[in-house]
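> Chains as they are written, first to last, in the UniProt record's numbering: chain F, 1 to 547; chain Z, 1 to 315.
Structure in structure tokens, see below.
Here it is in structure tokens:
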């Protein structure tokens, strides 16, 4: 094959989709790119930008309902869009492979991992079964999976999320394709798990010399994985260039905003008396305790951020405060008076004073209710408002969360992700609470949208004097909003104090591990991490659970 | 795994016991009396009372229940109220006939339904799928008795292909039984297939839409290989469950079909005994039906466990 031919060449690609209501959506418009062998291109953009649609075209695939209106996709000079199904079967798996976002659902639950990893190579008769197994075990070792010789004998449910994601990378690499499409491969993982996975993936890509399309909404992450970046928005290319060029000298306002999105800082505020005190709280499900003998204080009109990996007990604590999960032991003191553990036994005043905003606004809003009813219900129950007064209050609340009052007529299905989360915040505010439990309120949102929500929360606190119990795994959000931080691990608090103190050296070792795992938006950050790991002893955290 | 098995078995036994109590005491509550019915209107109160005493129904209900239950554990189903004969041998021949009918229906219905359901899933939203959908809706909505009488009207009365009643006797050869079985089997097959077809199709469609089937397609495997390697192993468990549950429903459908075709099986025996108010026979038949239903449900649960790797291999 001519070495001058680019590995992947996309020219003037337009992809449309027919929506259920009969109208046409433009998923991709006039996209062109070229990718050389061994090169990694990062595709970045918010949800709905067309990243995954573009990634799938490299495999000649389009999702149901979508179709190619114009353009061409060539892999090694072969046109994938006119080649027909036999050509696509030949290309897929052998020359270009796919790593999906959720490895847990991308593995067949009925088979052992190794049989799925070697399936392409064996079924397509590219290798003998014994050779393929040897290759798989070699890849497991390369991706730093535990006991690579026997790892493949596991069923998918027996491996952790981080392990499955690496196993999926091994599955893609097994048949030695020229190109791998990574579709948000670490989005579902914790930061500490994510860094293990990206380290392993990056080393494997380098050593195998494969090219990649790396899709993500996390610019800092893409900057570590890719040689070049393409920014997409609403199906159009915003800008493209080398990583250095894009992050150091962005050509467009949108890219500049993406880069600036992580820059919010919260000013130090004077100390305030406690609003909520938790003393020796123990809670859990059945006989299993998730948090044990835990004490924390949320000051009046201030924010306490609780950070930690999934499974550390953050959300459990939020449920205990709301009384959704009554504490088994310990005391809750709210504004100087004791709080009933069970919400069903709390007086109306206590219920009104403590509100919650959930992680996923899609699941927290009743899809059959209009925004007016969603926000109006707490207004009626807690403020006794009805008729025109309630209507006016709904409009005022919508304005307060920076939404147009006309949105009151809409149902959640007709709102964007950021708008939905603002409606959830307005619903919590409608009760005029003194404390809002915010459970990962920005983690389901795109960076710029999340940024807007954080700014809104900060403004509302300044105006209304409401306190936040802010559960998150995002240190950017902590720095943007929190006065105090508690770092949680395995149901206990390992570090707590004012934000400036906890997030500055000297760190608690676990806090440091969490902070260091967050990708930073600068060139060579990942290389520095690798270098630091080689010099430092590997077992700084002997009791850390394997990712 | 063994714990789940033991639990499920214990639950099955408890359910059968509960069914026996329900059958017994519901029988007690029925109005009317076998003795008055048997002896006719000319009977004196004394003869009625004497017959009742000879069958032992004058004892308190709870004592008779416990006695019945004790007999069941020894394999003794009790005696018929109307003729005083042992129930077990009476039921034995009837049960054999019923098993022939149910077995023949299941043998045809299961492969047919699973096959049609699979084809409907493969040709999803195309003409074949739509046709199967409409047909299955119609058959689901048609009661057994209606379909049975329609079948008699067409195949027996108009076309004279097969007889309209299906009285089979002991020692009848299989070839001679075949035409007699045709209509009852046809009725059972048609009315039990629809649900299995729909559920098979739904199970396969949900697996075909799963991420791992998408992964397999992006590995470049041909579609048939994806179906054989990735879809089938994962639909076995839901389909097995649906099939077994439908076999249990088939047992219920038997009662009506046997009565219509005068087929000498358990169902007809039960219906006859109800009209004679021979409660002990009704109870014995009811218990056998209930136990079959519970057993089949238990098999469905155990199959679901056996076919699920998450339960076979712990974390």
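The beta carbon of each residue, even a glycine, is placed where N, CA and C say it ideally should be.
Less than 8 Å between CB atoms is the rule here; does residue 470 of chain F satisfy it with respect to chain Z?
Not one chain Z Cβ lies under 8 Å of residue 470 of chain F.
> Throw me the rounded Cβ distance for the residue 231 of chain F and residue 246 of chain F pair, which I believe falls under 8 Å.
That pair is a contact at about 7 Å.
> Is the beta carbon of residue 283 of chain Z less than 8 Å from the beta carbon of residue 34 of chain Z?
Not a contact, by the Cβ cut-off of 8 Å.
> Taking C-beta to C-beta, are residue 152 of chain F and residue 136 of chain F nearer than 8 Å?
Yes. Within cutoff.
> Are the beta-carbon atoms of residue 481 of chain F and residue 458 of chain F separated by less than 8 Å?
In contact: residue 481 of chain F and residue 458 of chain F (Cβ atoms closer than 8 Å).
> Interface residues of chain F around residue 234 of chain Z at Cβ under 8 Å?
The answer, in chain order, is 108, 109 and 110.
> Leaving out the 5 sequence neighbours to the left and right, which residues in its chain are closer than 8 Å to residue 435 of chain F when beta-carbon positions are compared?
275, 276, 298, 321, 334, 353, 354, 355, 466, 467, 468 and 469, listed in sequence order.
> To the nearest angstrom, how far is the alpha carbon of residue 10 of chain Z from that of residue 17 of chain Z?
Cα to Cα, the separation comes out at about 11 Å.
> Where does the unbroken alpha helix (DSSP H) through residue 271 of chain F begin, and where does it stop?
Run containing residue 271 of chain F: none; DSSP gives neither H nor E here.
> Please list, in chain order, the chain F residues whose beta carbon lies closer than 8 Å to that of residue 238 of chain Z.
Neighbours of residue 238 of chain Z on chain F: none; closest Cβ ~13 Å, over 8 Å.
> If you draw a straight line from the alpha carbon of residue 1 of chain F to that of residue 175 of chain F, how long is it in whole angstroms?
Any reading at residue 1 of chain F is ruled out, since the residue's pLDDT is 46, under 50, leaving its predicted position unreliable.
> On a Cα-Cα basis, can you pick out the residue from F:382, F:331 and F:371 that is closest to residue 548 of chain F?
Any property of residue 548 of chain F remains undetermined from this structure, which presents chain F solely from 1 to 547.
> If residue 495 of chain F sits next to residue 487 of chain F, beta carbons under 8 Å apart, how far is it from one beta carbon to the other, in whole angstroms?
Right, the Cβ-Cβ distance comes to about 4 Å (below 8 Å), so this counts as a contact.
> Based on Cα-Cα distance, which residue from F:235, F:250 and F:234 lies nearest to residue 228 of chain F?
Ranking F:235, F:250 and F:234 by Cα distance to residue 228 of chain F puts F:250 first.
> Residues of chain Z with CB under 9 Å from residue 90 of chain F, in chain order?
Residues of chain Z passing the Cβ test: 220.
> For residue 438 of chain F, does the three-state DSSP call read helix, strand or coil?
In the structure shown, residue 438 of chain F sits in a strand (DSSP, three-state: E or B).
> In this structure, does DSSP put residue 358 of chain F in helix, strand or coil?
Coil.
> For the segment 298–312 of chain Z, which residues have a CB atom closer than 7 Å to at least one CB atom of chain F, in sequence order?
Here the close residues are 309 and 310.
> Roughly how many angstroms separate the alpha carbons of residue 53 of chain F and residue 140 of chain Z, rounded to a whole number?
Going from the Cα of residue 53 of chain F to the Cα of residue 140 of chain Z covers about 42 Å.
> Quick check on the DSSP output: the alpha helix (DSSP H) that includes residue 122 of chain Z runs from which residue to which?
Residue 122 of chain Z -> alpha helix (DSSP H) spans 87–122.
> What would DSSP say about residue 538 of chain F, mapped onto helix, strand or coil?
The predicted position of residue 538 of chain F is uncertain, since its pLDDT is 49 and thus under 50; a value taken from the coordinates is nonetheless stated next. In the structure shown, residue 538 of chain F sits in coil (DSSP, three-state: anything other than H, G, I, E or B).
> Smallest Cα separation from residue 183 of chain F: which of F:42, F:272, F:306 and F:205?
Considering only alpha carbons, the answer is F:42.
> If I measure Cβ to Cβ from residue 189 of chain F and keep anything under 7 Å in the same chain, skipping five residues before and after, which residues do I get?
Here the set comprises 161, 162, 165 and 197.
> For residue 182 of chain F, would you say it is in contact with chain Z, using Cβ-to-Cβ distances shorter than 8 Å as the test?
No, no contact with chain Z.
> Please report the Cβ distance between residue 25 of chain F and residue 36 of chain F, rounded to the nearest whole angstrom; I am assuming they are in contact, meaning their Cβ atoms lie under 8 Å.
Rounded, the Cβ-Cβ distance is 32 Å, inconsistent with contact.
> Among F:300, F:291 and F:305, whose alpha-carbon lies nearest the alpha-carbon of residue 316 of chain F?
Closest by alpha carbon: F:291.
> Measure the C-alpha to C-alpha separation of residue 100 of chain F and residue 55 of chain F and round it to an integer number of angstroms.
When rounded, the distance between both Cα atoms is 11 Å.
> Does any C-beta atom of chain F lie closer than 8 Å to the C-beta of residue 96 of chain Z?
Closer than 8 Å: no.
> In the DSSP assignment, the beta strand (DSSP E) including residue 148 of chain F goes from what residue to what residue?
Premise fails: residue 148 of chain F lies in the alpha helix (DSSP H), 148–151, not in any beta strand (DSSP E).
> Mapping DSSP to helix, strand and coil, what is residue 217 of chain F?
The answer is coil: DSSP assigns residue 217 of chain F none of H, G, I, E or B.
> For the alpha helix (DSSP H) that residue 246 of chain Z lies in, which residues bound it at each end?
Run containing residue 246 of chain Z: 232–261, per the alpha helix (DSSP H) assignment.
> Flag residue 7 of chain Z as yes if its beta-carbon sits less than 8 Å from any beta-carbon of chain F, otherwise no.
Not closer than 8 Å to any Cβ of chain F, the Cβ of residue 7 of chain Z fails to qualify, so no.
> With a threshold of 16 other CB atoms inside 10 Å of the CB of residue 504 of chain F, please say whether the residue is buried or exposed.
Flag for residue 504 of chain F reads exposed.
> Which partner residues does residue 239 of chain F have in the DSSP bridge list?
Answer is F:231, bridged to residue 239 of chain F.
> From residue 415 of chain F to residue 244 of chain Z, what distance separates their C-alpha atoms?
So the two alpha carbons sit approximately 45 Å from each other.
> Could you check whether the Cβ of residue 382 of chain F sits closer than 8 Å to any Cβ belonging to chain Z?
No, no contact with chain Z.
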